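So that you can map any letter, position 54 of the sequence shown is 449 in my numbering, and since no number is skipped, the others follow by simple counting.
We put the CB at the ideal spot given by N, CA and C, even for glycine.
Keep in mind the model is a prediction, meaning the values are calculated, not measured.
What follows is a short report on a single structure.
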Amino acid sequence: MNGADALVACLEAEGVDTVFGYPGVAIAPFYNSILESDIHSILIRTEQNAAHAASGLARARGTVGVCAVTSGPGATNVITGVATAFADSIP
Numbered sequence: 396m397n398g399a400d401a402l403v404a405c406l407e408a409e410g411v412d413t414v415f416g417y418p419g420v421a422i423a424p425f426y427n428s429i430l431e432s433d434i435h436s437i438l439i440r441t442e443q444n445a446a447h448a449a450s451g452l453a454r455a456r457g458t459v460g461v462c463a464v465t466s467g468p469g470a471t472n473v474i475t476g477v478a479t480a481f482a483d484s485i486p
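Laid out in structure tokens, this is it:
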């Protein structure tokens, strides 16, 4: 088991069934692990949209919303959506 497998196992244990994201080289192992799990990966055109989609799902379901983006520009592009979810106390 590698780190990506462990992360996916933790997400499954928490009941996460959907991950929104925009993959990149830095998180390729995570997406490979997702393919082997029951978690649905929804590819989004931009990292900003991934964060807002995860927040919207969390609001609608009352559960944890998860988005996964790559490092560098991916991480900076997701900041607004994550900050909005944090400010609104969305898990």
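Taking the alpha-carbon positions, what's the residue i to residue j distance?
| i | j | result |
| --- | --- | --- |
| I437 | A463 | 10 Å |
| F425 | P486 | 21 Å |
| I467 | V414 | Residue identity check: residue 467 is Gly in the sequence provided, not Ile. Cα to Cα, the separation comes out at about 20 Å. |
| T471 | D400 | 25 Å |
| G457 | N427 | 27 Å |
| D483 | I439 | 22 Å |
So, is residue i buried or exposed, given that buried needs 16 or more other C-beta atoms within 10 angstroms?
| i | result |
| --- | --- |
| F481 | exposed |
| L476 | First, the amino acid is wrong: residue 476 is Gly here, not Leu. It is buried - the Cβ of G476 has at least 16 other Cβ atoms within 10 Å. |
| I474 | exposed |
Mind checking whether the beta-carbon of residue i lies closer than 6 Å to any heavy atom of the ligand COA?
| i | result |
| --- | --- |
| A463 | Of the ligands one can find in the structure shown there are none, so the ligand COA has no counterpart to examine. |
Which residue or residues does DSSP assign as beta-bridge partners of residue i?
| i | result |
| --- | --- |
| H435 | T413 |
| A463 | G416 |
Between which residues of its own chain and residue i is the CB-CB distance below 6 Å, once the five residues before and five after are set aside?
| i | result |
| --- | --- |
| T465 | G419, A421, I422 |
Could you name the residues of the same chain whose beta carbon sits closer than 7 Å to that of residue i, not counting the 5 residues immediately before and after it, in chain order?
| i | result |
| --- | --- |
| S432 | V403, E407 |
| L452 | T413, G460 |
For residue i, decide whether its Cβ has a neighbour in chain B, counting only Cβ atoms nearer than 7 Å.
| i | result |
| --- | --- |
| A404 | Although the question refers to chain B, the structure presented lacks it and comprises just one protein chain. |
Enumerate in chain order the residues of its own chain whose CB-to-CB distance from residue i is below 8 Å, with the five nearest sequence positions on each side excluded.
| i | result |
| --- | --- |
| I434 | V403, L406, E407, V411, D412, T413, V414 |
(request) Decide yes or no for the touch test of the region 444-462 against the region 418-429: beta carbon pairs closer than 8 Å, at least 3 of them. (result) They do not touch, by the three-pair rule.
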